[in-house]
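Undergrad:
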Amino acid sequence: MNKDFKISNREYSFLIKYFNLIENKKLLHIANIRIENYVNNNSVKYIDFFLNSCLKYYFDIFFLDFLSKFFFRKSIIRLKLNLVLALQEADYDNFNHMIETTNIKVAIFDILKYSIISVTFPIWLIYKFFIFKLILKKQNV
Amino acid sequence: MSIIVIGSGITGSNVALSLLEKGEQVELWDFGKKENLDTVNNENFRDFKKNLNESVESLIGKENKQFPNPSTQKLFEIPPLRNFLLNNIEIDNEINELNNFDIYQSFNEGGIANGWGANCIPYNEDEIGDWNIDTSKFYSSQKKIFNELNVSQINDKINEKFSISNFGNENPINLDEKDNYFLKNFTNNYNFFSKENFEVGKARLAIKNSNTNDSCRLTSRCLWGCPQNAIYNPLYSTLKKCKTYKDFKYLENRKVSYFNLKDSKINEIVYFEKNIEKKNKINSKVFLCAGAIQSGIIFNKTCKKNNLKINNFKTGLMDTKQTKIVYFFPKMLDKKINYKSIQFNRLVGAMKERYDDKNEYIHLEFLHLNSLFYQPLINNLPLPLRLSKNIFYSMYSALGICTYFLPDSLDEKNKIKLNNDETIEINYTESNEKLLLDKKIEKRIKKYLLKMSAIPIKTIRYKSGSAIHYAGTIPMGNNDKFAVNTNGQVKFINNLIIADASIIPRLSSKPISINAATLGDYFVQKNT
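Those protein sequences? They're chains B and P, same order as listed.
Add 2 to a position in the first sequence, counting from 1, and you land on the number used in our numbering.
Add 88 to a position in the second sequence, counting from 1, and you land on the number used in our numbering.
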């Protein structure tokens, strides 16, 4: 199993798009130091490996955010999401961007998106788990 | 001969100053950790984020170590840049078992008041009536301490209806648009609230707000270290004054462990200096002001080391458990955030509720969000993070938090215990009556918020201990069950006076710091 939980450049750009933030490579570097520390000092569970492997496409984050909020609150993916948002909030440009670009219409549109996710997540989860198992089998883990 | 004061917090530093003013020589013994706080020069909290390294380090911690692990329930973290609180590891080294109690301590010069919320409401007849103390002397100490702390002087219905004196010498902090809207809604429904015996008024804060150079400049950086030192902090105020006296000595790196007794007097103080145990023979009076938890531990150890049976005396542990109700003003949705404001509550509430056969004053604080680090709050909303973030930022101009504090009374089960192997155990169980009181207050507040056109969103209950209003570890009283008399004098140690919140026998919902400091000054007047 891939033990690298760091946020890749590709994942970071997905997260930036997901939260509607501004990219800042310095913040990505800081986030990865924290994740590395966490992984070195805490036990990593099977579910962490599984959820981490799920982030392949942009829309996967919607499911991961939903699942890690309601079912897998202690997962590393939750830490990643929280950390990116927290670090971006500590940045002047990002903080101003968050205030200026967020309005109630965006939030209402989001509610619709998560309503769909709350119905479709079991299918997504089964599909992702099947893929995960298949990859493990290929790797003979 | 110097009088020894142990502890430099709000009580210790004020006791030391009162002794010096009376012409006494004073040695202040303190652990005295230093806060390495470089107050940056940016104008306000928003601009403070311009320097990314500084901002990340302050908000999330060096190497992000203080960023909470997944699933934390913590709402507001103490800014990592500031080290006025002990971390869990340091507390674990001293307290081996902690049951149902969150604990926060400080070994800093200036104590835990380096980062307090600055709210001050004076104790009155309701609180001190059955303490058997000289009330007129207590009130004159109260007046003196309120001036020393630069508390804003306010005269409103809270004073009138709840017999609160309008001590203090400062101008009140200005209210912002949301505070004014809140007050307007309260006033518009005043007949209803008056019948309910519920009042709202300006917060009595220990913040300098006159037109002097060291007054509040509204930088919105209170919790991150006021660049003006306008918020009362013993380190920059009372201790600084003490240090101007020739007869004052500040001895740092001394963590008092216990006292050795001889002929019913302290003969020797045993303390740690840079982790090395040392002993110092003394022949003078000692004022113990190390804070309720530390004073309780020192007292327990002293009893054990000198073969005194602690079980012969009443001991305890109390805290004003806090509950927060997050609310939302729909009409404030499109309002701009005021980034030049204070981070603390500018409004307080007062009401009475029945608890433990007494009509207790209930202290409430109304905080309207302006400049905090919001991520912990966003993470706490019961929604996916993106939705939480979008909802929060589209409505946080309309959010507010009501915090209320519950009174506490002594209970046999709640205490600091020193085991035979000298390990320390803290036990705390919330009584059913206290849980019931919490629910009753919550119900009333929610009703009042709705009446003021605010929608309650979420109630967050904290563990006892998190309010950091500890008291009652060595309660005072005149009968034989109590180790300390109502002059703060330990009955079997002639030269020991306990002058902090440890001796308070019943804990009011009112903020404790200023009242503990008042008691300290009162004991100085009674014992010198």
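Beta carbons are placed, not taken as given, at the ideal position from N, Cα and C, and that holds for glycine.
Suppose contacts are defined by Cβ-Cβ distances below 8 angstroms. Is P:Leu506 in contact with P:Asn399 by that definition?
TA: Numbered from its first residue, the second sequence carries residue 506 of chain P at position 418. Numbered from its first residue, the second sequence carries residue 399 of chain P at position 311. The Cβ-Cβ distance between P:Leu506 and P:Asn399 does not fall below 8 angstroms.
Undergrad: Assign P:Asn355 to one of three DSSP states: helix, strand, or coil.
TA: On the second sequence, residue 355 of chain P is found 267 positions in, with the first residue counted as 1. Reduced to three states, the DSSP call for P:Asn355 is strand.
Undergrad: Starting from P:Ala438, trace the beta strand (DSSP E) both ways and give me its first and last residue.
TA: As a first step, residue 438 of chain P must be located in the second sequence, where it is residue number 350. For P:Ala438, the enclosing beta strand (DSSP E) has its first and last residue at 435 to 443.
Undergrad: For the alpha helix (DSSP H) that contains P:Ser345, what are its first and last residues?
TA: In the second sequence, the residue the question calls residue 345 of chain P occupies position 257. First-last for P:Ser345: 343 to 350, but that is the beta strand (DSSP E), not the alpha helix (DSSP H).
Undergrad: Counting beta carbon pairs with one atom in the stretch 457 to 477 of chain P and one in the stretch 108 to 126 of chain B, are three or more of them shorter than 8 angstroms?
TA: yes
Undergrad: Tell me which residue opens and which closes the beta strand (DSSP E) that P:Gln410 is part of.
TA: Mapped onto the second sequence, residue 410 of chain P falls at position 322. Following the DSSP letters along the chain, one finds P:Gln410 inside the beta strand (DSSP E) bounded by residues 410 to 416.
Undergrad: Chain B partners of P:Asn467, CB-CB under 7 angstroms?
TA: Residue mapping note: residue 467 of chain P aligns to position 379 of the second sequence, counting from 1. Near P:Asn467 (Cβ distances below 7 angstroms), the residues of chain B are Asn84.
Undergrad: Could you compute how far the alpha carbon of P:Leu584 sits from the alpha carbon of P:Met406?
TA: Counted from its first residue, the second sequence places residue 584 of chain P at position 496. Counted from its first residue, the second sequence places residue 406 of chain P at position 318. Cα to Cα, the separation comes out at about 22 angstroms.
Undergrad: Which residue comes first and which comes last in the alpha helix (DSSP H) that contains P:Phe136?
TA: Taking the second sequence and counting its residues from 1, one reaches residue 136 of chain P at position 48. Start and end: 133 to 136.
Undergrad: Going along chain P in order, which residues have a C-beta closer than 7 angstroms to the C-beta of B:Thr104?
TA: Stepping through the first sequence from its first residue, residue 104 of chain B is reached at position 102. Result: Asn478, Tyr481, Ser482.
Undergrad: Between the stretch 366 to 385 of chain P and the stretch 345 to 358 of chain P, can you find at least three pairs of beta-carbon atoms closer than 8 angstroms?
TA: By the criterion of at least three beta-carbon pairs nearer than 8 angstroms, the stretch 345 to 358 of chain P is in contact with the stretch 366 to 385 of chain P.
Undergrad: From B:Tyr20 to P:Glu265, what does the alpha carbon distance come to, in whole angstroms?
TA: Here residue 20 of chain B refers to the residue found at position 18 when the first sequence is read from its first residue. Here residue 265 of chain P refers to the residue found at position 177 when the second sequence is read from its first residue. Each residue's alpha carbon lies about 33 angstroms from the other.
Undergrad: So, for P:Lys412: in the same chain, excluding its five sequence neighbours on each side, which residues have a beta-carbon less than 6 angstroms away from its beta-carbon?
TA: Indexing the second sequence from 1 puts residue 412 of chain P at position 324. Correct list, in chain order: Ile489, Thr491, Ile548.
Undergrad: Are the stretch 55 to 66 of chain B and the stretch 102 to 118 of chain P touching by the rule of at least three beta carbon pairs closer than 8 angstroms?
TA: In the pairwise beta carbon analysis, the stretch 55 to 66 of chain B is classified as not touching the stretch 102 to 118 of chain P: fewer than three pairs are separated by under 8 angstroms.
Undergrad: Taking the alpha carbon of P:Gly205 as the reference point, which residue from P:Asn268, P:Gly576, P:Gln577, P:Ala555 has its own alpha carbon closest?
TA: The count along the second sequence starts at 1 and reaches residue 205 of chain P at position 117. The shortest Cα separation from P:Gly205 among P:Asn268, P:Gly576, P:Gln577, P:Ala555 belongs to P:Ala555.
Undergrad: Report the rounded CA-to-CA distance for P:Leu607 versus P:Lys328, giving the unit in angstroms.
TA: On the second sequence, residue 607 of chain P is found 519 positions in, with the first residue counted as 1. On the second sequence, residue 328 of chain P is found 240 positions in, with the first residue counted as 1. Approximately 21 angstroms, taken between the alpha carbons.
Undergrad: According to the Cβ coordinates, are P:Asn321 and P:Gly120 closer than 8 angstroms?
TA: Stepping through the second sequence from its first residue, residue 321 of chain P is reached at position 233. Stepping through the second sequence from its first residue, residue 120 of chain P is reached at position 32. Contact flag unset, no.
Undergrad: Check whether the Cβ of B:Tyr60 lies closer than 8 angstroms to any Cβ atom in chain P.
TA: Counting from one through the first sequence, the residue named residue 60 of chain B turns up at place 58. No, B:Tyr60 lies away from the interface with chain P (no Cβ there is under 8 angstroms from its Cβ).
Undergrad: Tell me which residue opens and which closes the alpha helix (DSSP H) that P:Gly488 is part of.
TA: By 1-based counting over the second sequence, the position of residue 488 of chain P is 400. Looking at the DSSP string, P:Gly488 is not in any alpha helix (DSSP H); the run it does join, the beta strand (DSSP E), is 487 to 493.
Undergrad: To the nearest whole angstrom, what separates the beta carbons of P:Ser90 and P:Lys337, a pair I think is in contact under 8 angstroms?
TA: Within the second sequence, residue 90 of chain P is the residue found at index 2, counting from 1. Within the second sequence, residue 337 of chain P is the residue found at index 249, counting from 1. Right, the Cβ-Cβ distance comes to about 7 angstroms (below 8 angstroms), so this counts as a contact.
Undergrad: Strictly under 8 angstroms for the Cβ-Cβ distance: is B:Tyr48 near chain P by that measure?
TA: By one-based count along the first sequence, residue 48 of chain B stands at place 46. No, B:Tyr48 lies away from the interface with chain P (no Cβ there is under 8 angstroms from its Cβ).
Undergrad: Check whether the Cβ of B:Ile32 lies closer than 8 angstroms to any Cβ atom in chain P.
TA: Residue 32 of chain B sits at position 30 when you count from the first residue of the first sequence. Interface residue, yes.
Undergrad: What does B:Tyr14 touch in chain P if you count any residue whose Cβ is under 7 angstroms from its own?
TA: Numbered from its first residue, the first sequence carries residue 14 of chain B at position 12. Those do not exist, as B:Tyr14 stays about 15 angstroms from chain P at its closest Cβ, beyond 7 angstroms.
Undergrad: Closest by CA to B:Thr103, which one among P:Tyr481, P:Ala605, P:Gly553?
TA: Reading the first sequence from its first residue, position 101 is the one you call residue 103 of chain B. The shortest Cα separation from B:Thr103 among P:Tyr481, P:Ala605, P:Gly553 belongs to P:Tyr481.
Undergrad: Among B:Gln90, B:Phe52, B:Ser77, B:Lys76, which residue has its Cα nearest to the Cα of B:Tyr14?
TA: The residue you call residue 14 of chain B lines up with position 12 of the first sequence. Considering only alpha carbons, the answer is B:Gln90.
Undergrad: Against chain P, does B:Leu127 count as a neighbour if the rule is that its beta carbon must be under 8 angstroms from one of theirs?
TA: If you number the first sequence from 1, residue 127 of chain B lands on position 125. Taking Cβ atoms only, chain P never reaches closer than 8 angstroms to B:Leu127, which makes this a no.
Undergrad: List, in order along the chain, the chain P residues whose C-beta lies closer than 8 angstroms to that of B:Glu91?
TA: In the first sequence, the residue the question calls residue 91 of chain B occupies position 89. Result: Leu147, Phe461, Tyr462, Gln463.
Undergrad: Using a Cβ cut-off of 7 angstroms, pull out every chain B residue sitting near P:Val144, in sequence order please.
TA: Taking the second sequence and counting its residues from 1, one reaches residue 144 of chain P at position 56. In chain order: Ile32, Leu89, Ala92.
Undergrad: Could you give the distance in angstroms between the alpha-carbon of P:Leu471 and the alpha-carbon of B:Asn54?
TA: The residue labelled residue 471 of chain P in the question sits at position 383 within the second sequence. The residue labelled residue 54 of chain B in the question sits at position 52 within the first sequence. Between P:Leu471 and B:Asn54, the C-alpha separation is close to 20 angstroms.
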